[in-house]
Structures are given as C-alpha cells and as structure tokens.
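For reference, each letter of the sequence shown is one residue, going 1 to 111 in the UniProt record's numbering.
Note sheet for the following structure.
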Amino acid sequence: MQSSFFDLDNRYAQLSKLRDPLIKLNRVIDWELFRSTLLTIAEKPRKSAAGRKRIDRVLLFKMLVLQRLYNLADEALGFQVKDRLSFMRFLGLSLAASVPDAKTMWIFRKS
1 MQSSFFDLDN RYAQLSKLRD PLIKLNRVID WELFRSTLLT IAEKPRKSAA
51 GRKRIDRVLL FKMLVLQRLY NLADEALGFQ VKDRLSFMRF LGLSLAASVP
101 DAKTMWIFRK S
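So this is what it looks like as structure tokens:
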C-alpha cells in the first residue's frame with residue numbers, strides 16, 4: 001500500500017478523535033512560560049560555536065513530563081518518543097527529528 005501526503009494528518013486526526021490526553025495538556029499549558037527558568041539551569045559554557053546545537057530545554061522538560069506521566073525509564077522514554085505519534089505530536093517533533101538519548105535525559109534531570 002502506497003502512503004500519501006496526508007497519511008500523517010489522517011493519523012493525527014484519528015488520535016484526536018480518540019481523545020489523546022496530550023492534546024489537552026498542550027492546550028492548557030503554555031510551555032514557553034518555563035523557558036526562562038529552564039535556561040537558568042547550570043550548563044557548561046561552550047568554548048566555540050562548533051559542534052551540534054544544544055537541545056531545546058523546553059523539549060527536554062516536556063520529555064521529563066512524559067516520563068513521569070507514563071512511568072518510563074530513560075531508555076524506554078527514547079523508544080516511546082520514537083514509536084508513538086501522540087508523543088511526537090506532544091513534543092512538536094517530526095518523524096525525521098532526532099530524539100535525545102537516555103544519557104542526555106539523565107544529565108538534564110540531574111542538573
């Protein structure tokens with residue numbers, strides 16, 4: 001079966017019909033309000049602009065929220081984010097987006 005341009009939109013519409021609770025969470029909470037607080041978390045200063053860009057703090061925070069809501073270990077969190085469309089939509093990630101690994105989540109949680 002050949003996939004179409006609208007398959008992902010159709011899938012998201014089906015999830016919405018099934019009352020995905022994460023949609024409501026995104027509607028109720030303005031995640032950007034946390035950005036200034038999250039930016040104050042201690043982080044090693046960068047020596048240069050070379051290398052990979054830093055991972056968005058709000059994304060990491062939202063992943064911690066998912067981890068708590070669904071009682072997931074760090075490794076399981078990464079897998080579930082890659083596997084579940086509802087998690088990807090909650091986080092604002094595309095199918096091709098990279099997902100922070102378990103060590104990144106552990107470091108962020110400990111900081």
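Ideal placement from N, C-alpha and C gives every residue a C-beta, glycine not left out.
Under 8 Å by Cβ, that's how I've got residue i and residue j pegged, so tell me the actual separation to the nearest angstrom.
i, j, result
"serine 86", "aspartate 20", "5 Å"
"lysine 82", "valine 99", "5 Å"
Beta-carbon within less than 8 Å of residue i's beta-carbon, same chain only, minus the 5 sequence neighbours each way: which residues are those?
i, result
"lysine 17", "none"
"methionine 105", "Leu60, Met63, Leu64, Gln67, Asp74, Leu77 and Gly78"
"glutamine 80", "Leu66, Tyr70, Leu72 and Phe87"
What does a CB cutoff of less than 7 Å around residue i pick up in its chain, not counting 5 residues either side in sequence?
i, result
"leucine 39", "Arg57"
"arginine 27", "none"
Going straight from the alpha carbon of residue i to that of residue j, what length do you get?
i, j, result
"arginine 68", "leucine 15", "21 Å"
"glutamate 32", "alanine 97", "20 Å"
"isoleucine 107", "leucine 22", "25 Å"
"lysine 24", "lysine 103", "29 Å"
"leucine 91", "aspartate 101", "15 Å"
"phenylalanine 34", "alanine 49", "25 Å"
Can you give me the Cβ contacts of residue i inside the same chain, cut-off strictly under 6 Å, excluding the 5 residues immediately before and after it?
i, result
"leucine 60", "Phe108"
Establish whether the CB of residue i and some CB of chain C are separated by less than 9 Å.
i, result
"alanine 49", "In the displayed structure, chain C is absent; only one protein chain is listed."
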